[in-house]
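The sequence shown begins at 13 in our numbering and counts up by one.
Where a beta carbon is used, it is the ideal one built from N, C-alpha and C, also for glycine.
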Amino acid sequence: MLKNRSLIGPDDFTVAETDELLGLAGRIVREPGAFSGACAGKLLASLFYEPSTRTKFSFDAAMLRLGGQTIGFSDPLTSSAAKGETIADSARTISKYVDLIVVRHPKEGAAKLISRYADCPVINAGDGGHHHPTQTLTDLLTIRHYKKRFEGLSIGVCGDLKFGRTIHSLVTSFSRYENVRFLFISPEELAMPGYIREDLAARKIPYAETDSLEASIPELDVLYMSRVQRERFISEEEYLRLKDFFILTKDKMALGKPDMIVMHPLPRINEIAAEVDDDPRAVYFEQVRFGMYVRMALIMKLLGLE
Ligand code: CP
């Protein structure tokens with residue numbers, strides 16, 4: 013169903029397609045060795061115009077664990093971008109060599125543009141402050157693993173909701189499930205963009221906004237923390253003023269339900285104290301493991317190998 017498609021936005025796949033993909037990812041989690049030769053002879057290019065640890069490494073690890081191979085760059089200055097080549101021309105060229113392109117770029121819309129010019133499927137690995145749909149697949153697989161369902165959950169997203177692309181994608185995708193409710197926890201300066209709030213309102217998806225983490229925690233099934241995105245601020249002074257607005261501590265965790273889970277796309281800066289890491293409800297380092305498995309499933313689906 014997903015063969016030769018690109019994944020640019022969080023709702024490019026229908027709910028049924030997403031659920032099918034998560035089903036395959038679940039099978040890979042249970043028996044990863046059974047898929048070790050699935051992508052033999054296939055080649056993935058990863059074009060990272062912005063830094064990454066999890067997304068870059070997990071895509072590389074996913075392709076290698078499927079028996080495929082990867083090429084690419086983490087520093088665009090080692091490519092002809094340094095000579096002024098447009099991303100459209102780079103896409104036209106690189107897609108002649110490979111079966112799949114993964115791209116991260118600081119500009120909103122860059123992945124969509126690349127997908128228009130590439131001769132192969134393109135995966136958006138983060139475009140500026142816009143979207144990060146494969147992080148959302150990671151998040152959905154994690155939530156389904158721990159909560160066994162999406163329907164009826166209350167999810168609190170906390171931190172930089174203005175620039176946090178993982179949050180924009182998660183809310184857009186998660187809002188398609190029945191009876192979900194959102195709590196947007198941020199300082200006013202980092203509030204959720206209007207276009208997302210307006211979309212939720214139009215679809216009558218319940219959400220509330222607050223700047224109090226303590227007041228929000230007791231009602232949550234999922235607490236999704238995020239860092240303040242320093243690289244998107246125009247003013248360093250403004251970043252320094254807001255960066256430690258929320259810090260999740262053991263004392264605040266004590267206010268949460270016993271079966272609440274705490275997630276974070278990472279990297280973490282100060283917003284979760286290290287003392288929280290040992291709480292069994294803190295699942296963010298398991299979340300990164302699910303990221304590799306869900307990307308294995310995504311690669312197989314887009315290449316038509318499942
Ligand atoms: N979650 C995430 O996108 O992490 P990286 O920036 O390390 O890829």
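Check: Measure the alpha-carbon distance for Ile-40 versus Pro-292 and round it to whole angstroms.; Outcome: 24 Å
Check: Does the ligand CP have a heavy atom nearer than 8 Å to the CB of Gln-147?; Outcome: yes
Check: Tell me where the alpha helix (DSSP H) around Phe-297 begins and ends.; Outcome: 296-314
Check: Can you tell me whether Phe-297 is buried or exposed? The criterion is at least 16 other CB atoms within 10 Å of its CB, across all chains shown.; Outcome: exposed
Check: Within the present structure, is the beta-carbon of Pro-63 separated from the nearest heavy atom of the ligand CP by less than 8 Å?; Outcome: yes
Check: Would you check if there are 3 or more beta carbon pairs closer than 8 Å linking the segment 165-172 to the segment 229-240?; Outcome: yes
Check: As a quick exercise: from Arg-188, His-180, Ser-185, pick the residue whose alpha carbon is nearest that of Phe-196.; Outcome: His-180
Check: Below 8 Å on the Cβ atoms is my guess for Gly-138 versus Glu-62; work out the distance and round it to an integer in Å.; Outcome: 7 Å
Check: Going by DSSP, which residues form a beta bridge with Tyr-219?; Outcome: Phe-194
Check: Among the candidates Thr-222, Ile-284, Gly-171, Gly-84, whose CA atom is the shortest distance from the CA of Tyr-251?; Outcome: Gly-171
Check: Could you please give the first and the last residue of the uninterrupted alpha helix (DSSP H) stretch that includes Ala-37?; Outcome: 27-42
Check: Taking 8 Å as the cut-off, is the beta-carbon of Gly-138 closer than that to any non-hydrogen atom of the ligand CP?; Outcome: yes
Check: Are the CB atoms of Thr-150 and Val-300 nearer to each other than 9 Å?; Outcome: yes
Check: Give the range of the alpha helix (DSSP H) segment to which Met-75 is assigned.; Outcome: 66-77
Check: Is the beta carbon of His-117 within less than 8 Å of some heavy atom of the ligand CP?; Outcome: no
Check: Please report the straight-line C-alpha distance between Glu-221 and Pro-270, rounded to a whole angstrom.; Outcome: 24 Å
Check: Give a yes or no on whether 9 Å exceeds the smallest Cβ distance from His-276 to chain D.; Outcome: This model lacks chain D altogether; it includes just one protein chain.
Check: Could you tell me which of Leu-260, Arg-209, Ile-281, Asp-223 sits nearest to Gln-241, measuring between CA atoms?; Outcome: Ile-281
Check: Within its chain, find whatever has a CB closer than 7 Å to the CB of Ile-155; leave out the 5 residues flanking it on each side and keep chain order.; Outcome: Phe-162, Val-234
Check: Can the beta-carbon of Pro-145 be found less than 9 Å from the beta-carbon of Pro-22?; Outcome: yes
Check: Give me, in chain order, the residues of the same chain whose beta-carbon lies closer than 6 Å to that of Lys-15; leave out the 5 immediate sequence neighbours on both sides.; Outcome: Gly-316
Check: Assuming Ser-102 and Ser-92 form a contact by the criterion Cβ under 8 Å, report the distance between their Cβ atoms to the nearest whole angstrom.; Outcome: 7 Å
Check: Closest to Leu-314 by CA distance: which of Leu-125, Leu-34, Leu-78, Ile-135 is it?; Outcome: Ile-135
Check: Mind checking who Phe-85 pairs with in its DSSP beta bridge?; Outcome: Leu-59
Check: May I ask you to report which of helix, strand or coil DSSP gives Ser-181?; Outcome: helix
Check: Kindly list the residues whose CB is nearer than 6 Å to the CB of Phe-85, restricted to its own chain and excluding five residues on each side of it in sequence; keep chain order.; Outcome: Ser-91
Check: Could you say if the segment 118-137 and the segment 190-206 meet the contact criterion of at least three C-beta pairs nearer than 8 Å?; Outcome: no
Check: Just the Cα atoms here: how many angstroms apart are Leu-278 and Arg-239?; Outcome: 8 Å
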